[in-house]
């Protein structure tokens with residue numbers, strides 16, 4: 159293992175370690191006493207499975223340009239099968255705080271003499287040093303293609319550690335065969351941009367290594383691809399990479415795409431992101447339309463479909479765009495805008511090579527990005543590219559929140575408190591931030607201060623007019639939150655239905671992310687202050703004057719009914735009470751109609767007052783309506799066919815004096831006249847006319863009497879029915 163100080167200052171605390179059990183224990187066994195450091199055993203020790211060479215402990219600092227060589231021997235486990243790749247890794251550590259670097263070598267058990275092995279690693283090179291450091295993300299599952307003279311010879315995939323090996327490669331050191339390695343992202347297509355420059359001892363290009371020389375039995379190491387994309391296109395809510403976004407670099411002055419020839423990889427103009435969301439622009443300034451020092455705009459087109467909102471994010475808007483001054487990338491490295499000043503030649507505007515996590519607040523320093531850039535070729539790529547410039551896209555959030563609003567009350571009165579419950583459910587599996595619940599209440603209603611709670615915790619809203627707002631809420635994925643509040647019904651609210659509405663909006667964009675939930679209550683009259691009760695009595699009007707006098711008792715069991723169908727029956731004292739019989743008009747009152755069912759009067763009783771009573775009702779005032787009834791004297795007169803001239807309605811002469819006697823009898827006391835006609839074989843129509851004629855004659859003669867005469871006609875058929883009906887004619 160060879161360690162060289164390539165820095166400009168001495169290195170302190172230099173220690174070299176090699177763990178023979180890493181990464182796979184048991185494959186290698188140390189040969190005791192074989193380890194030397196620069197040819198000496200001084201400072202070298204072995205414990206467990208680790209060889210340690212403490213250079214600084216033995217020799218002090220490692221001067222710039224000095225080299226330390228650790229040599230040792232190890233034996234292979236005899237149980238290893240042919241084809242097993244045995245990898246050994248050495249680690250050099252120095253300085254305080256400790257810095258480390260590692261290197262590995264692999265051999266193949268049972269390899270055929272004369273053929274070679276190609277080895278390498280793929281990773282996201284966060285610090286741009288082409289050295290795979292701890293914590294840098296390996297690229298797993300990337301296809302690695304080996305080409306021989308331009309034809310595909312072999313393909314393998316990187317393992318979970320981002321490593322690959324291609325075994326059995328024929329030597330080409332003497333025969334002129336050309337080998338080339340090409341690296342592909344999983345799912346890459348014709349519109350997939352190259353995002354990294356290979357690192358090896360051969361000819362390195364974007365995601366390729368050419369002119370590889372393979373000696374016999376060689377075990378070539380370090381055929382690596384460290385990628386360094388400009389950033390990640392990600393979901394502004396879920397904070398996950400977005401696949402299918404199209405990125406185009408525009409000339410800021412004309413807003414037209416620069417030619418594809420302006421890029422080292424022409425596909426980068428109009429590139430489409432994969433599942434990792436990576437994008438990259440390797441601008442080469444080779445055309446007058448893409449001058450060094452020019453201003454450029456990154457244009458992003460959302461993936462096809464309705465998944466994302468077109469345009470730049472409104473939730474996390476860009477720090478610079480076409481409407482602002484361009485962000486100068488050449489001036490960025492090591493400036494206040496460079497959040498990782500340790501990489502002195504590169505401009506990084508966010509602290510991580512990955513998209514900001516859900517815990518990073520929107521519009522904070524952790525979400526800064528630029529789409530309007532000044533780029534030049536003075537010191538590429540630090541002056542021509544911006545890094546960690548992660549671009550968010552807003553997902554279409556409409557309908558992502560299900561909302562409901564309920565109240566346990568249907569009918570309420572003025573001054574009453576009405577409880578409402580608003581439930582919001584996040585139907586996505588993603589945390590939603592900056593959520594705002596808006597409640598719009600009807601005119602005349604008022605919020606009860608201190609009544610609002612969210613999930614049982616007091617949370618007062620912002621009140622503007624008839625709108626309550628709860629802002630800055632978080633709703634985790636597939637969860638719900640419950641808001642409870644009270645509204646008071648104002649005194650000036652009129653009767654009718656009143657709708658309370660609630661909706662959830664995105665606090666940043668102001669756009670609705672839920673439907674509108676409603677809850678309706680009906681304002682009804684207050685039984686105490688608005689209704690009109692009706693009370694009264696049905697009494698025995700012994701003197702038939704329509705007024706209840708002393709000694710005139712009530713009649714029980716008599717039914718009265720309103721025009722709306724409300725009914726009441728008198729008690730043992732003849733009293734009745736109809737609660738809220740009518741709600742009169744607020745300003746002009748209303749007519750109230752009450753009718754007595756005379757069929758429910760005691761036997762022999764007849765009304766001495768009007769059967770139907772109409773009174774004017776005023777809101778909040780009761781009405782009293784009494785009905786009188788008494789037992790009437792019945793005077794009966796029996797009629798039959800012989801009393802009339804044949805076939806006419808005229809009474810025979812000898813019976814006419816009986817009418818005067820009848821009137822004298824009726825004048826003796828208030829009475830009911832009952833006209834009873836006993837029919838035999840007469841024509842029914844003739845019988846009816848005779849009854850009407852007698853009734854009219856008596857009525858005309860009675861016109862000047864002192865009470866209203868009631869006449870009750872009756873017809874009796876000796877044979878049970880008129881002859882025509884009984885015979886079926």
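Numbering (the working numbering), first residue to last: 159 to 887.
Just so you know, even glycine gets a beta-carbon here, dropped at the ideal spot from N, CA and C.
Return the first residue and the last residue of the beta strand (DSSP E) that residue 423 is part of.
Mapped onto the chain shown, residue 423 falls at position 265. Neither: residue 423 is in no beta strand (DSSP E) and is coded neither H nor E.
For a test of the three-state rule: what should DSSP assign to residue 288, helix, strand or coil?
Your numbering for residue 288 matches position 130 in the chain shown. In this structure, residue 288 counts as coil in the three-state DSSP scheme.
According to DSSP, simplified to helix, strand and coil, what is residue 611?
As a working mapping, residue 611 is identified with position 453 in the chain shown. Residue 611: strand per DSSP, three-state reduction.
Under a Cβ-count criterion, where at least 16 other Cβ atoms within 10 Å of its own Cβ denotes burial, should residue 813 be classed as buried or exposed?
Your numbering for residue 813 matches position 655 in the chain shown. Residue 813 should be labelled exposed.
So, residue 582 versus residue 659, is the Cβ gap smaller than 7 Å?
Taking the chain shown and counting its residues from 1, one reaches residue 582 at position 424. Taking the chain shown and counting its residues from 1, one reaches residue 659 at position 501. Not closer than 7 Å, so no.
Cross-strand partners of residue 195 (DSSP beta bridge):
As a working note, residue 195 is residue 37 in the chain shown. In DSSP, residue 195 forms a bridge with 198, 228.
Should residue 811 go down as buried or exposed, given a rule of 16 or more other Cβ atoms within 10 Å for buried?
Looking up residue 811 in the chain shown gives position 653. Counting Cβ neighbours within 10 Å, residue 811 comes out exposed, since fewer than 16 surround it.
Determine the contact status of residue 239 and residue 187, defining contact as a CB-CB distance below 7 Å.
One-based indexing of the chain shown puts residue 239 at position 81. One-based indexing of the chain shown puts residue 187 at position 29. No; because the gap between Cβ atoms is not below 7 Å, this pair is not in contact.
Coil, strand or helix - residue 726 by DSSP
Within the chain shown, residue 726 is the residue found at index 568, counting from 1. Strand, per DSSP.
Based on Cα-Cα distance, which residue from 178, 738, 424, 522 lies nearest to residue 476?
Against the chain shown, residue 476 aligns to sequence position 318. That would be 522, whose Cα lies nearest to the Cα of residue 476.
Going by DSSP in three states, residue 887 sits in which element: helix, strand or coil?
For the purposes of this step, residue 887 is taken as residue 729 along the chain shown, with counting starting at 1. Because residue 887 carries a pLDDT of 47, less than 50, the predicted location of this residue cannot be relied on, and the following value inherits that uncertainty. Residue 887: coil per DSSP, three-state reduction.
Tell me residue 870's beta-bridge partners as DSSP assigns them.
Sequence index remark: in the chain shown, residue 870 carries index 712 (1-based). Answer by DSSP bridge pairing, in chain order: 832.
Inter-residue Cα distance where the pair is residue 694 and residue 734:
Here residue 694 corresponds to residue number 536 of the chain shown, with the count starting at 1. Here residue 734 corresponds to residue number 576 of the chain shown, with the count starting at 1. Roughly 6 Å separates the two Cα atoms.
Taking residue 536 as the reference, give the member of 563, 504, 562 with the closest Cα.
For the purposes of this step, residue 536 is taken as the residue at position 378 of the chain shown. Taking only the C-alpha atoms, the option nearest residue 536 is 504.
Report buried or exposed for residue 413, applying the criterion of at least 16 other Cβ atoms within 10 angstroms of its Cβ.
Residue mapping note: residue 413 aligns to position 255 of the chain shown, counting from 1. Burial is judged here by how many other beta carbons sit within 10 angstroms of a residue's own beta carbon; residue 413 has fewer than 16 and is exposed.
Please classify residue 708: is it buried, with 16 or more other beta-carbons within 10 angstroms of its beta-carbon, or exposed?
Here residue 708 corresponds to residue number 550 of the chain shown, with the count starting at 1. So residue 708 counts as exposed.
Is it right to say residue 445 is buried, meaning 16 or more other beta carbons lie within 10 angstroms of its own, or is it exposed?
Here residue 445 corresponds to residue number 287 of the chain shown, with the count starting at 1. Residue 445 comes out exposed.
Range of the contiguous alpha helix (DSSP H) that encloses residue 215
Here the question's residue 215 lines up with position 57 in the chain shown. From DSSP, the alpha helix (DSSP H) with residue 215 extends over 213 to 217.
Beta-carbon proximity list for residue 749, same chain, < 8 Å, skipping 5 on both sides:
If you number the chain shown from 1, residue 749 lands on position 591. Excluding positions up to five away in sequence, the list reads 772, 773, 774, 775.
Sequence-distant residues of its chain with Cβ nearer than 6 Å to residue 348 (five each side left out):
The residue labelled residue 348 in the question sits at position 190 within the chain shown. Closer than 6 Å at Cβ, skipping near neighbours: no residue.
Do residue 540 and the ligand SAM come close, with the Cβ less than 6 Å from some heavy atom?
In terms of ligand content, the structure shown is empty, and the ligand SAM therefore cannot be addressed.
Alpha carbon to alpha carbon, what distance is there between residue 222 and residue 235?
Sequence index remark: in the chain shown, residue 235 carries index 77 (1-based). Sequence index remark: in the chain shown, residue 222 carries index 64 (1-based). Residue 235 and residue 222: Cα-Cα distance of roughly 39 Å.
For residue 208, collect the residues of the same chain with a Cβ closer than 6 Å to its Cβ; drop the 5 residues on either side in sequence, then sort them by chain order.
The residue labelled residue 208 in the question sits at position 50 within the chain shown. Contacts found: 175, 177.
Delimiting residues of the alpha helix (DSSP H) encompassing residue 646
The residue labelled residue 646 in the question sits at position 488 within the chain shown. Segment 638 to 647 is the beta strand (DSSP E) holding residue 646; no alpha helix (DSSP H) there.
For residue 568, which three-state DSSP category applies?
What you label residue 568 is simply residue 410 of the chain shown in a count that begins at 1. Looking at residue 568 - three-state DSSP - the assignment turns out to be coil, as it is neither helix nor strand.
Would you kindly report the start and end of the unbroken beta strand (DSSP E) that includes residue 691?
Your numbering for residue 691 matches position 533 in the chain shown. Note, residue 691: beta strand (DSSP E), 690 to 698.
Is residue 559 near residue 671, with beta carbons less than 7 Å apart?
Counted from its first residue, the chain shown places residue 559 at position 401. Counted from its first residue, the chain shown places residue 671 at position 513. Yes. Within cutoff.
Could you name the residues of the same chain whose beta carbon sits closer than 7 Å to that of residue 540, not counting the 5 residues immediately before and after it, in chain order?
Residue 540 sits at position 382 when you count from the first residue of the chain shown. So the qualifying residues of the chain are 491, 503, 504, 505.
By the DSSP assignment, the beta strand (DSSP E) with residue 661 in it spans what residues?
Reading the chain shown from its first residue, position 503 is the one you call residue 661. In the DSSP assignment, residue 661 falls within the unbroken beta strand (DSSP E) covering 654 to 664.
Sorted by chain position, which residues of the same chain lie with C-beta nearer than 7 Å to residue 281's C-beta, five sequence neighbours on each side aside?
If you number the chain shown from 1, residue 281 lands on position 123. The answer, listed in chain order, is 290, 294, 295, 296, 297, 320, 384.
Out of 758, 797, 569, which has the shortest C-alpha to C-alpha gap to residue 696?
Locating residue 696 in the chain shown gives position 538, counting from the first residue. Nearest option by C-alpha distance: 758.
Where residue 756 and residue 847 are concerned, what is the direct C-alpha to C-alpha distance, given to the nearest angstrom?
Here residue 756 refers to the residue found at position 598 of the chain shown. Here residue 847 refers to the residue found at position 689 of the chain shown. Distance between the alpha carbons of residue 756 and residue 847: 28 Å.
For residue 856, name the three-state secondary structure that DSSP assigns.
The count along the chain shown starts at 1 and reaches residue 856 at position 698. Helix, per DSSP.
Should residue 355 and residue 381 be called a contact, given that it needs their Cβ atoms to be closer than 7 Å?
As a position in the chain shown, residue 355 is number 197, starting the count at 1. As a position in the chain shown, residue 381 is number 223, starting the count at 1. No, Cβ-Cβ distance for residue 355 and residue 381 is not below 7 Å.
Give me the Cα-Cα distance between residue 212 and residue 173, rounded to the nearest whole angstrom.
Locating residue 212 in the chain shown gives position 54, where the first residue counts as 1. Locating residue 173 in the chain shown gives position 15, where the first residue counts as 1. For residue 212 and residue 173, the distance between alpha carbons rounds to 5 Å.
Rounded separation between residue 231 and residue 220 - CA only:
Taking the first residue of the chain shown as 1, we reach residue 231 at position 73. Taking the first residue of the chain shown as 1, we reach residue 220 at position 62. Going from the Cα of residue 231 to the Cα of residue 220 covers about 25 Å.
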